[in-house]
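All remarks here apply to the structure that follows.
Numbering (the working numbering), first residue to last: 257 to 558.
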């Protein structure tokens, strides 16, 4: 994101509607009043690359401009340049990345927040259960600034929630059961996102159902109802636009599937649990949020 940081909230109804769902658009631009203490590893790498380039350029310029440098000094500079290049070209070390990442976490977060981590050592009581995609660009704790203990997170291909079925999808069922019956979460949020490969794969499956993978296509067809709805109602749109619509419709299918779990349905009826859908667009930095509501409310403007 670029430009002057600001904070703004615009809430309005999207153009699409699904029965029994109240979509509320929440566009969020960067917020300037809060500074995070954690360092971004990508920024560090960019800074290191810039520093390296500047150093090489300076040394090269020195060699070109100072022809009178003694041969010994010139040799030392060339050796230093070669050493810097060799260091920059070292292959990626996954073990070192993991080690340095944990050291950063422990020194900057764990050791600086003893009260928080002391409480977490006793147990957890998150307010949210989140279904998010496995896509490396959409970590919910990162984009929503969840702190440890705030969200019980399940991530899978295309952030899908399968329907209640004791013979299949037991991993998802176990997570939902634990979150609702044991952790007593108050909100379940299903977050879709832009440029989702899983949704693109779903939309690309031939009508005859032919599959080319062992697991992926079988999994994403959980949201076939979303694909059918989008294909029927937005046939005039481009494939890319249809995929964007399907990213949101698939979230609604997943919310509907949550209601097939008896304990979820019971908690919703008792108003002990709220179900929410969301869509994160990492291209333009917006976040849409909508609620399940059996009485569709008028649009809200904030």
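Every residue gets a Cβ at the ideal spot worked out from N, C-alpha and C, and that includes glycine.
In this structure, residue 510 lies near residue 446, with their beta-carbon atoms less than 7 Å apart. The Cβ-Cβ distance between residue 490 and residue 501 falls below 7 Å. Residue 447: member of the beta strand (DSSP E) spanning 443 to 449, first to last residue. The DSSP assignment places 443 to 449 as complete runs of the beta strand (DSSP E) inside the stretch 442 to 502, in order along the chain (cut-off: 3 residues).
Spatial neighbours of residue 441 in its own chain (CB-CB distance under 8 Å, excluding positions within 5 residues in sequence) are listed in chain order as 382, 383, 384, 385, 408, 435 and 529. The DSSP-derived three-state label of residue 406 is coil. When only Cα atoms are considered, residue 424 and residue 414 end up about 18 Å apart. Distance from the CA of residue 482 to the CA of residue 506, rounded to the nearest whole angstrom, comes to 5 Å. Residue 440 carries a coil assignment under DSSP once its states are collapsed to helix, strand and coil. With respect to residue 508, residue 541 sits apart: the two C-beta atoms are not nearer than 7 Å. Between residue 538 and residue 393, the CB-CB gap stays under 7 Å.
By the neighbour-count criterion, in which a residue is buried when 16 or more other Cβ atoms sit within 10 angstroms of its Cβ, residue 513 is buried.
Put simply, of 452, 449 and 432 the residue whose alpha carbon is nearest the alpha carbon of residue 443 is 432. Residue 385 has 408 and 444 as its beta-bridge partners, per DSSP.
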